[in-house]
Amino acid sequence: MKYPVIFLLFFNTILFSQSKDTIVSSKYLEDQIYVGLSYITLSNLPDEVSSNGFSNSLALGFIKDFPFDEKGNFGFGVGLGYGRNTYFQNIKISESNNQTLFETFKGTFKNNRFSFHAIELPIELRWRTSTIDKYKFYRIYAGGKISYAFATNARFKESGNTIKVKDISEFNKLQYGLTLSLGYGTWNFNFYYGLNDIFKDALLDDVTPLKIRDFRIGLIFYVL
Numbered sequence: 661m662k663y664p665v666i667f668l669l670f671f672n673t674i675l676f677s678q679s680k681d682t683i684v685s686s687k688y689l690e691d692q693i694y695v696g697l698s699y700i701t702l703s704n705l706p707d708e709v710s711s712n713g714f715s716n717s718l719a720l721g722f723i724k725d726f727p728f729d730e731k732g733n734f735g736f737g738v739g740l741g742y743g744r745n746t747y748f749q750n751i752k753i754s755e756s757n758n759q760t761l762f763e764t765f766k767g768t769f770k771n772n773r774f775s776f777h778a779i780e781l782p783i784e785l786r787w788r789t790s791t792i793d794k795y796k797f798y799r800i801y802a803g804g805k806i807s808y809a810f811a812t813n814a815r816f817k818e819s820g821n822t823i824k825v826k827d828i829s830e831f832n833k834l835q836y837g838l839t840l841s842l843g844y845g846t847w848n849f850n851f852y853y854g855l856n857d858i859f860k861d862a863l864l865d866d867v868t869p870l871k872i873r874d875f876r877i878g879l880i881f882y883v884l
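The numbering used here applies: residue 661 is where the sequence shown begins, and numbers increase by one.
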């Protein structure tokens, strides 16, 4: 029995050596799985609209890493992910006669929000100080993100009354914006600046065009 054991040990040693040599001589990949949490602020808000909660964003997905150089410090990334964004404010969204109504609510309510779930396509130019065996390094990733909202909903709750609206037609399903991630090791800041409006052809109180956009700031974590 000792000969098969010796052979297996010898064979594993050869495989490990070959694998190690292959890794050293090839471009390595980095930061391909991500999870991001952000706080959202809304811009271009009408004077009568205000936030009343912690608007937040969750993003997770996979980015294919394409290094430009042998050291792997410069590269390009394109990926596919999921995003969920929730906005807390005092815009009451309801339906009447198959028409969506956007109204400013000035009374007391328990909860009011609108949100969307989206498929996201991040695209990045990547710079980092990593090496093949260095797992803590500085990084700056700049690019953009295109999102397609496949589900939209709103929920307004006051004492004794709850209004729910799904598939909001005025919601701009195609969202896009600029992104920036920078940091060191585990802790990395992430920024998103929306370049188009969240809603299209939406009027607040049947008068004011609702041309709001979002800005997100948070943390992003890379797993592999």
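Cβ coordinates follow ideal geometry from the N, Cα and C atoms, glycine included.
Suppose you measure from the CA of Asn745 to the CA of Phe726; what does that come to, to the nearest Å?
Rounded to whole angstroms, Asn745 to Phe726 spans 29 Å at the Cα level.
Just the Cα atoms here: how many angstroms apart are Phe769 and Ala719?
The straight-line gap from Cα to Cα measures roughly 29 Å.
Given Asn788, which residues of its chain have a CB within under 7 Å of its CB, disregarding the five upstream and five downstream residues?
A quick correction: the sequence has Arg, not Asn, at residue 788. Closer than 7 Å at the Cβ level, and outside the excluded window around Arg788, lie Glu690, Asn733, Phe797, Tyr798 and Arg799.
Nearest-angstrom beta carbon gap, Thr846 and Phe881 [assumed within contact, 8 Å]
In this structure, Phe881 and Thr846 form a Cβ contact; the two beta carbons are roughly 6 Å apart against a cut-off of 8 Å.
Quick one, which of Tyr688, Gly837 and Asn772 has its alpha-carbon nearest Asp729's?
By alpha-carbon distance to Asp729, the top candidate from Tyr688, Gly837 and Asn772 is Tyr688.
Apart from the five residues just before and just after Tyr801, which ones in its own chain have a Cβ nearer than 6 Å to its Cβ?
Correct list, in chain order: Glu784, Arg786 and Ser841.
Would Phe722 and Ile751 qualify as a contact pair, given that the criterion is a beta-carbon distance under 8 Å?
Taking C-beta atoms as the reference points, Phe722 and Ile751 fail to come closer than 8 Å.
Quickly, what does DSSP pair Glu784 with across the bridge? List them, please.
Answer is Gly737 and Gly803, bridged to Glu784.
Beta strand (DSSP E) segment containing Glu763, residue limits
Unbroken beta strand (DSSP E) run through Glu763: Gln759 to Thr764.
Please state the DSSP three-state secondary structure of Gly820.
Here Gly820 sits in coil by DSSP.
Can you name the residues that DSSP bridges to Asp725?
As computed with DSSP, Asp725 is found in a beta bridge with Gly737.
Mapping DSSP to helix, strand and coil, what is Pro706?
In the three-state scheme derived from DSSP, where H, G and I count as helix and E and B as strand, Pro706 is classed as coil.
Classification of Tyr844 by the beta-carbon crowding that lies within 10 angstroms, buried from 16 upward:
In the assembly as shown, Tyr844 is an exposed residue. Its beta-carbon has fewer than 16 other beta-carbons within 10 Å.
Check whether the Cβ atoms of Ser703 and Arg876 lie closer than 8 Å to each other.
No.
Which listed residue (Asn813, Gly803, Ile828 and Glu830) has its alpha carbon closest to that of Tyr836:
Scanning Asn813, Gly803, Ile828 and Glu830 for the CA closest to the CA of Tyr836 turns up Gly803.
If you follow the beta strand (DSSP E) that Thr839 is part of, which residue opens it and which one closes it?
Where Thr839 is concerned, the enclosing beta strand (DSSP E) stretches over Leu834 to Tyr844.
First and last residue of the uninterrupted beta strand (DSSP E) at Phe875
Following the DSSP letters along the chain, one finds Phe875 inside the beta strand (DSSP E) bounded by residues Arg873 to Tyr882.
Excluding five sequence neighbours on each side, which residues of the same chain lie with their C-beta closer than 6 Å to the C-beta of Asn772?
The residues are Phe816.
Put Asn856 into one of helix, strand or coil per three-state DSSP.
Looking at Asn856 - three-state DSSP - the assignment turns out to be coil, as it is neither helix nor strand.
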